[in-house]
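A.B. asks: One structure, pasted below without further comment.
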Amino acid sequence: MDRELVRTVKLATKNHAGVLFRRAVRHLPYIVAAPREHEASRAKTIAHFGRCGRFSGESMAFQKRMLERSGLGEATHFPTSLISLPVDMCLRTAREESHAVIFGVVDEVLRKSGVAAADVGVLIFNSSLLSPTPSFTSLIVNRYGMRPGVVSHNLSGMGCSAGIIAIDLAKRLLQVHENTYALVVSTENITLNAYMGNNRPMLVTNTLFRVGGAAILLSNRAADRRGRAKYQLIHTVRTHRGAHDQSFGCVTQEEDDAGEVGVSLSKELMVVAGEALKTNITTLGPLVLPISEQLRFLATVVLKRVFRADVKAYLPDFKLALDHFCIHAGGRGVLDELEKSLKLSPWDMEPSRMTLYRFGNTSSSSLWYELAYCEAKGRIKRGDRVWQIAFGSGFKCNSAVWRALRTVDAAGLDAGDNPWMKEVDMLPVDVPKVAPIDETSYQIPN
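Right, here's the structure in full:
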């Protein structure tokens, strides 16, 4: 057998078994999208939903109630196709939305890093609900003239946790391909995935999901060890509970009785997310927690399983090992539950809550808006550890842990580097449990 193939198989086997990977994977610049031309207030969104004529009065009232309780603010981003008259939901406008986000973030990350597109050896793209032909990876290769040998993967249908899946895949590929860069692009398409029916479980996504995206450049090059790199990837942990029917079916794309397609969220979502998180942190804990916390956790397991003692399972204090928490901004309910479950403080939750408020649920890219918030606030110090946690359909819970290689000077950032810089001094803001929408604040032009 070819020696290179044998070496590749051994490396892949080691990594799959969870052995610490050999080649350090470092995080160079990343860019998140903030297209000002797509900003839409809640009143504007509701007004255009009402004008499109596809929703019943009850459905409009339900969406308004949900939006008032969602935790979203007045400047999230909505595709032009859905706030046009008439609504223009087609493949052409869907592509226009995705192209604007993809080209915007990739242009900037290449410019900021000074890396030529031809030097990128690995390209990974993820978007769950839009997967055209040719693929988005082919689109990027064509647009930027990437080399014929670029290793590309186009991930679809993997939900809001696909961003961490893409990072984990890049990590594994960078163990095999030496001295190169990996470009990861994460986004979601809204145009073709707004739900235009009257089934309540499918209407919820209209009030949460918004336009967004991120491009992340990773490197295993020794030359990037100092100066250029911001973070080093320490761990990735992926949990998939798809073998359980309840988990598999809690987030599904389907048709309603009228043939309208949308994503349905079941009432069991919070329970399913909790079980997935529990499984994920059971694997992650031994990798990051101090011995004292591991022993406390082990003691409760022994008491419960061996001695049948009626004791509550010990929840480790992850703040003893991790400094910053970037939790997928999936919705206010998910964030509330995780704050309680992980015993986090309002300060810990601030990046996620402000991301939900300012940008909405941008799916797999939300983790990068949260990290950008931490940087804009001057929170990231050398040696700090950042925990990114994402949940997605299937049902999956995925984690990535990064170590900061240098202190990020917020004063050295600008709006081109970080979308929070123009307003970071005004944040955080108090987001009430219910924020009434003033429908008179926006009138659709004649």
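First residue of the sequence shown: 1, per our numbering; consecutive thereafter. C-beta atoms are modelled at their ideal positions from N, C-alpha and C, and glycine is treated no differently.
If you draw a straight line from the alpha carbon of T13 to that of T279, how long is it in whole angstroms?
C.D. replies: The predicted model places T13 with a pLDDT of 40, which falls under 50 and marks its position as unreliable, so this point remains unresolved.
A.B. asks: Report yes or no: do three or more beta-carbon pairs, one from the segment 299 to 309 and one from the segment 428 to 436, lie closer than 8 Å?
C.D. replies: With the cut-off at 8 Å, the segment 299 to 309 and the segment 428 to 436 do not touch.
A.B. asks: Whose C-beta lies closer than 7 Å to the C-beta of Y442 among residues of the same chain, with five residues either side of it excluded?
C.D. replies: Contacts found: S41, A43, K44 and A47.
A.B. asks: Could you tell me the distance, in whole angstroms, from the CA atom of I291 to the CA atom of S70?
C.D. replies: Going from the Cα of I291 to the Cα of S70 covers about 39 Å.
A.B. asks: Let me check one thing: in DSSP terms, what residues is Q253 bridge-paired to?
C.D. replies: Its beta-bridge partners are V263.
A.B. asks: Taking Y369 as part of the alpha helix (DSSP H), name the residues at either end of that continuous run.
C.D. replies: Element bounds for Y369: S366 to A376.
A.B. asks: By a C-beta neighbour count over all protein chains shown, 10 Å radius and 16 as the cutoff for buried, is E375 buried or exposed?
C.D. replies: Buried.
A.B. asks: When DSSP builds the beta bridges, which residues end up paired with T236?
C.D. replies: Answer is A400, bridged to T236.
A.B. asks: Would you call the segment 284 to 300 and the segment 404 to 420 touching, i.e. three or more CB-CB distances under 8 Å?
C.D. replies: In short, these stretches do not touch, since the Cβ pair count stays below three.
A.B. asks: Please state whether DSSP places V288 in a helix, a strand or coil.
C.D. replies: Reduced to three states, the DSSP call for V288 is helix.
A.B. asks: Can you give me the start and stop residues for the beta strand (DSSP E) that Y30 sits inside?
C.D. replies: Per DSSP, Y30 belongs to the beta strand (DSSP E) from R26 to V32.
A.B. asks: Apply the 10 Å Cβ neighbour rule to W387 and answer buried if 16 or more other Cβ atoms are within range, or exposed otherwise.
C.D. replies: It counts as buried.
A.B. asks: Work out the CA separation of V151 and W420 for me, nearest whole Å.
C.D. replies: If I take the Cα positions, the gap works out to 33 Å.
A.B. asks: To which residues does DSSP link Q388 through a beta bridge?
C.D. replies: Beta-bridge pairing links Q388 to C326 and A400.
A.B. asks: If you run the structure through DSSP and keep just helix, strand and coil, what is Y144?
C.D. replies: If DSSP states are grouped into helix, strand and coil, Y144 belongs with the helices.
A.B. asks: Output the distance between the C-alpha atoms of D245 and E275, rounded to the nearest integer angstrom.
C.D. replies: The straight-line gap from Cα to Cα measures roughly 13 Å.
A.B. asks: Based on the DSSP output, what are the partners of N126 in its beta bridges?
C.D. replies: Looking at the DSSP assignment, N126 forms a beta bridge with L155 and S186.
A.B. asks: Quick check: what's the CA-CA separation for Y181 versus R26?
C.D. replies: Each residue's alpha carbon lies about 10 Å from the other.
A.B. asks: Note down, in chain order, each residue of its chain lying with its Cβ closer than 6 Å to the Cβ of M338, except the 5 sequence neighbours on either side.
C.D. replies: Per the sequence shown, residue 338 should be read as Leu rather than Met. So the list reads I327, once near-sequence residues are dropped.
A.B. asks: Can you tell me whether S345 is helix, strand or coil according to DSSP?
C.D. replies: Of the three classes helix, strand and coil, the one that applies to S345 here is coil, per DSSP.
A.B. asks: Please determine, among P316, H324 and I140, the residue with the shortest C-alpha to C-alpha distance to R342.
C.D. replies: For the record, residue 342 in the displayed sequence is Leu; it is not Arg. Of the listed residues, the one whose Cα sits closest to L342 is P316.
A.B. asks: For D168, does the count of other Cβ atoms within 10 angstroms reach 16, so buried, or fall short, so exposed?
C.D. replies: That one is buried.
A.B. asks: Which class does L217 belong to by DSSP, given the choice of helix, strand or coil?
C.D. replies: Three-state DSSP puts L217 in a strand.
A.B. asks: Could you have a look at N280 and say whether DSSP puts it in helix, strand or coil?
C.D. replies: Helix at N280.
A.B. asks: Would G149 count as contacting chain D if we go by Cβ distances under 7 Å?
C.D. replies: Among the chains of the structure shown, chain D does not appear; only one protein chain is present.
A.B. asks: Determine the burial state of T440: buried for a count of at least 16 other Cβ atoms within 10 Å of its Cβ, exposed for fewer.
C.D. replies: Classification of T440: exposed, given that the 10 Å Cβ count is below 16.
A.B. asks: Would R465 and R385 qualify as a contact pair, given that the criterion is a beta-carbon distance under 7 Å?
C.D. replies: The requested residue 465 is not part of the displayed model; the chain covers only 1 to 446.
A.B. asks: Per DSSP, what are the beta-bridge partners of F209 in this structure?
C.D. replies: DSSP output for F209 lists N361 as bridge partner(s).
A.B. asks: Where does T407 sit, in a helix, a strand or coil, going by DSSP?
C.D. replies: Coil at T407, not helix or strand.
A.B. asks: Can you tell me where the alpha helix (DSSP H) holding V101 begins and where it ends?
C.D. replies: Run containing V101: L91 to S113, per the alpha helix (DSSP H) assignment.
A.B. asks: Report the residue ranges of all alpha helix (DSSP H) runs contained in full by the segment 46 to 94; include only those spanning at least 4 residues, in chain order.
C.D. replies: Whole alpha helix (DSSP H) segments, 4+ residues: 57 to 68.
A.B. asks: Report the option in E108, E37 and R65 whose CA atom is closest to the CA atom of V81.
C.D. replies: Per the sequence shown, residue 81 should be read as Ser rather than Val. Comparing Cα-Cα distances from S81 to each of E108, E37 and R65, the minimum goes to E37.
A.B. asks: Can you tell me the Cα-Cα spacing of T239 and C397, whole angstroms?
C.D. replies: Distance between the alpha carbons of T239 and C397: 5 Å.
A.B. asks: Identify whether V429 lies in helix, strand or coil by the three-state DSSP scheme.
C.D. replies: The answer is coil: DSSP assigns V429 none of H, G, I, E or B.
A.B. asks: If you draw a straight line from the C-alpha of S135 to the C-alpha of R226, how long is it?
C.D. replies: Each residue's alpha carbon lies about 35 Å from the other.
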